[in-house]
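J.: Here's a structure for you.
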Amino acid sequence: MKKFFIILVVTITLAFGLSFIQNQWLSNSTFINTKSGIFSIISLPNKLISDLGKGISGSVASFFHLKEVERTNHELNLKLDALEVKLAQFRSLEQDNYQLRNELRYRTKALYNLKAIGAEVVARSMDTWFSSVVIDKGWKDGVDTDYAVVNSEGLVGRIIESGEHFSKVMLIQNQNSNVSAVLGRTQDKGIIQGRGNNTLMLKYIPNNSELAKGDLVYTSGMSIVFAKGILIGQVSNIVKKKYDYLQYVEVAPAVNFAKLDKVWVVAVADRSKIPEFKDEAKATENKALTSSANVIL
Numbered sequence: 324m325k326k327f328f329i330i331l332v333v334t335i336t337l338a339f340g341l342s343f344i345q346n347q348w349l350s351n352s353t354f355i356n357t358k359s360g361i362f363s364i365i366s367l368p369n370k371l372i373s374d375l376g377k378g379i380s381g382s383v384a385s386f387f388h389l390k391e392v393e394r395t396n397h398e399l400n401l402k403l404d405a406l407e408v409k410l411a412q413f414r415s416l417e418q419d420n421y422q423l424r425n426e427l428r429y430r431t432k433a434l435y436n437l438k439a440i441g442a443e444v445v446a447r448s449m450d451t452w453f454s455s456v457v458i459d460k461g462w463k464d465g466v467d468t469d470y471a472v473v474n475s476e477g478l479v480g481r482i483i484e485s486g487e488h489f490s491k492v493m494l495i496q497n498q499n500s501n502v503s504a505v506l507g508r509t510q511d512k513g514i515i516q517g518r519g520n521n522t523l524m525l526k527y528i529p530n531n532s533e534l535a536k537g538d539l540v541y542t543s544g545m546s547i548v549f550a551k552g553i554l555i556g557q558v559s560n561i562v563k564k565k566y567d568y569l570q571y572v573e574v575a576p577a578v579n580f581a582k583l584d585k586v587w588v589v590a591v592a593d594r595s596k597i598p599e600f601k602d603e604a605k606a607t608e609n610k611a612l613t614s615s616a617n618v619i620l
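By the count of the working numbering, the sequence shown reaches residue 620 at its end, each step adding exactly one.
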């Protein structure tokens with residue numbers, strides 16, 4: 324910048340000097356005949372200075388234009404970020420709305436003859452991820468121990484502790500969980516036991532039972548806790564050994580426990596008369612799954 328300033332000052336000084344000489348020479352008649360050539364030589368620095376000035380002016384204008392473009396771009400990026408946040412919020416609300424409508428439809432059709440208390444999962448421990456959750460309803464809301472817990476997908480578990488406003492639910496994945504079950508297609512009965520992970524074990528199924536992957540498993544109703552006909556899951560793996568009396572059967576839970584959020588606590592006043600659980604909304608779907616199990620899996 325210092326060098327540029329010095330060059331500029333020198334150039335301007337020379338221009339003024341040459342202009343002065345030009346005026347002096349042009350006033351002398353001796354040089355009238357050669358004035359055209361001299362004027363061309365003298366006017367060269369003026370042209371250079373003019374061009375230099377225009378270049379500097381253009382550079383300054385370009386600099387401020389770029390700064391304006393940068394500012395506008397920054398503002399547009401901020402607006403874009405805000406719109407993306409709003410879009411994410413809208414999608415979340417849309418998903419919540421869909422889930423609520425689905426649960427309400429399920430409550431109306433599947434739980435119409437049962438006293439069901441809506442609740443939300445509010446706590447879950449990392450070391451007991453597959454064992455239990457805490458819901459936001461307690462005995463003041465009508466929740467008692469050994470009440471069944473379900474959602475629109477199927478069986479979740481049962482209440483094992485009931486506080487004033489919160490209750491603890493033992494999930495069917497818990498290793499201490501045992502549920503009397505029946506296979507929808509073959510009507511074989513057994514016990515669903517949790518394994519502490521995302522699979523269940525169906526026990527006490529004879530080796531000669533013709534099970535198939537995809538067979539649906541329901542609660543059998545042989546319990547004072549669970550009504551009959553609640554979907555538990557579907558058979559995912561079968562191992563038969565020639566000389567074993569029982570076969571090894573794994574069941575994939577119907578409930579997506581990783582996304583467990585809203586549940587229903589099924590309260591029954593007289594536990595000796597638990598009504599049959601009728602999920603009309605899933606009847607057609609379950610029938611289709613059962614009939615196509617041998618083809619798909």
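Note that CB positions come from ideal geometry on N, CA and C, so glycine has one too.
Could you please give the first and the last residue of the uninterrupted beta strand (DSSP E) stretch that includes Met-493?
T.: Taken as a continuous stretch (DSSP letters only), the beta strand (DSSP E) holding Met-493 covers 490–494.
J.: DSSP three-state label for Ala-577, please.
T.: Three-state DSSP puts Ala-577 in coil, outside helix and strand.
J.: Is the segment 556–571 touching the segment 525–541, taking contact as three or more C-beta pairs under 8 Å?
T.: Output reads yes: the segment 525–541 touches the segment 556–571.
J.: For Gly-513 and Leu-523, which I take to be in contact (beta-carbon distance under 8 Å), what is that distance rounded to the nearest angstrom?
T.: The pair is not a contact, with the Cβ atoms about 11 Å apart (cut-off 8 Å).
J.: Could you work out which residue in Gln-510, Asn-520, Asp-567, Gly-517 is closest to Ser-543 when comparing CA atoms only?
T.: When each option's Cα is compared against that of Ser-543, the closest is Gln-510.
J.: To the nearest angstrom, how far is it from the Cα of Gln-557 to the Cα of Pro-576?
T.: Each residue's alpha carbon lies about 7 Å from the other.
J.: Bridge partners of Ala-405, per DSSP?
T.: Per DSSP, none; premise fails for Ala-405.
J.: Would you mind working out which of Lys-491, Gly-486, Asp-469 sits nearest Trp-452, comparing C-alpha positions?
T.: Nearest C-alpha to Trp-452: Lys-491.
J.: Which residue or residues does DSSP assign as beta-bridge partners of Gln-557?
T.: Its beta-bridge partners are Leu-539, Ala-575.
J.: In whole angstroms, give me the CA-to-CA distance for Glu-292 and Phe-580.
T.: The structure shown does not extend to residue 292, since the chain spans only 324 to 620, so no value can be given for it.
J.: Taking just the CA atoms, how far does Val-540 sit from Gly-477?
T.: Answer to the nearest angstrom: the Cα atoms are 10 Å apart.
J.: Decide if Ser-475 is buried, meaning its Cβ has at least 16 other Cβ atoms within 10 Å, or exposed.
T.: Ser-475 is buried by the Cβ-count criterion.
J.: For Asp-467 versus Ser-485, is the C-beta distance shorter than 7 Å?
T.: Closer than 7 Å, so yes.
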